[in-house]
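*Asks:* The following block contains the structure, expressed as structure tokens.
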Amino acid sequence: MPKLADRDTRHTQILEALLRVAGGQGLHAVTMRSVAAEANVSLRLVQYYFETKEKLLLAALGHLAGRQRERIQARVRDAGAPDDPRTIIEAVLTEALPTDQDSRTFHLVYTAYAVQAATDPALAAQPFLRAPDAMEHFLADQLRSAQRDGALPPHRDPRTEAAILLALSAGLGTGVLLGQRTAENATTAISYHLDHLGLARRPA
980 MPKLADRDTR HTQILEALLR VAGGQGLHAV TMRSVAAEAN VSLRLVQYYF ETKEKLLLAA
1040 LGHLAGRQRE RIQARVRDAG APDDPRTIIE AVLTEALPTD QDSRTFHLVY TAYAVQAATD
1100 PALAAQPFLR APDAMEHFLA DQLRSAQRDG ALPPHRDPRT EAAILLALSA GLGTGVLLGQ
1160 RTAENATTAI SYHLDHLGLA RRPA
């Protein structure tokens, strides 16, 4: 049995290899064998850790979500306003835009998995929805916090607005990915919509 540290290292190595394959060639190119080759490990080792392609994909989604959380937290820290709902919401929405290799891979894999889960019974849609559902709840909580502080008009429904914000970010991200618009255009659209909601920043 591998030591825990070795197991974690191998686990991450394989998941990062999957993301490179998916980001460079598309999710259709992901197989246990292609991931093993990219990770420079044996097929048997990939099967030992993940058993099936479906379990490998689900693990990769969890890994992606964890990386995205870390990047969002870094954006909020860099903005210097860790408790401001407007800053936090902007960080969440802009991080989902494919502006660099990491965020591009995130958008590609999530979009491809969503399409595949809708048509392939071997892939469970429900585990895929856990991260988006959690993010929707998180955004709604931030909007409620802003309302309590008077930074968001009381007539806005936080749950509905959170769903709209996620849909807006996802649609803009696809537009950036396909070259329909620039990342700057998408970021401007997000800020414009938050202004339209009446979501203000907390006073320093």
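In our numbering, the protein residues as written are 980 to 1183.
Don't be surprised by glycine CBs; every beta carbon is placed ideally from N, CA and C.
#1: Looking at the structure shown, is H1175 part of a helix, part of a strand, or coil, going by DSSP?
#2: Quick one: Cα of A1162 to Cα of H1175, how far?
#3: Under a three-way DSSP split, which group does R1180 fall into?
#4: Closest by CA to L1173, which one among A1060, T1098 and A1141?
#5: Would you please state the rounded distance, in angstroms, between the beta carbons of R1050 and E1074? I believe it to be under 8 Å.
#6: Skipping 5 residues on each side, what residues in its chain have a beta carbon closer than 7 Å to that of N1164?
#7: Exposed or buried, what is Q1121 when buried is set at 16 or more other beta-carbons lying within 10 Å of its beta-carbon?
#8: Could you tell me the alpha carbon to alpha carbon distance between Q1004 and I1169, rounded to whole angstroms?
#9: If you reduce the DSSP assignment to three classes, tell me which class R1135 lands in.
#10: Enumerate in chain order the residues of its own chain whose CB-to-CB distance from I1068 is below 8 Å, with the five nearest sequence positions on each side excluded.
#11: What does a CB cutoff of less than 6 Å around L1156 pick up in its chain, not counting 5 residues either side in sequence?
#12: Can you check whether the C-beta of S1170 is within less than 8 Å of a C-beta belonging to chain D?
#13: Can you give, in chain order, each stretch of the alpha helix (DSSP H) that sits fully within the segment 1053-1081 and has at least 4 residues?
#14: Below 8 Å between beta carbons: does that hold for T1066 and R986?
#15: Go ahead and pull the three-state DSSP assignment for M980.
*Replies:* In brief:
#1: helix
#2: 20 Å
#3: coil
#4: A1141
#5: 5 Å
#6: none
#7: buried
#8: 29 Å
#9: coil
#10: L1118, Q1121, L1122, L1144, L1173 and L1178
#11: P1077 and H1086
#12: Among the protein chains of the structure shown there is no chain D, as only one such chain exists.
#13: 1064-1074
#14: no
#15: Annotation note: pLDDT 46 at M980 (below 50); position unreliable, no value reported.
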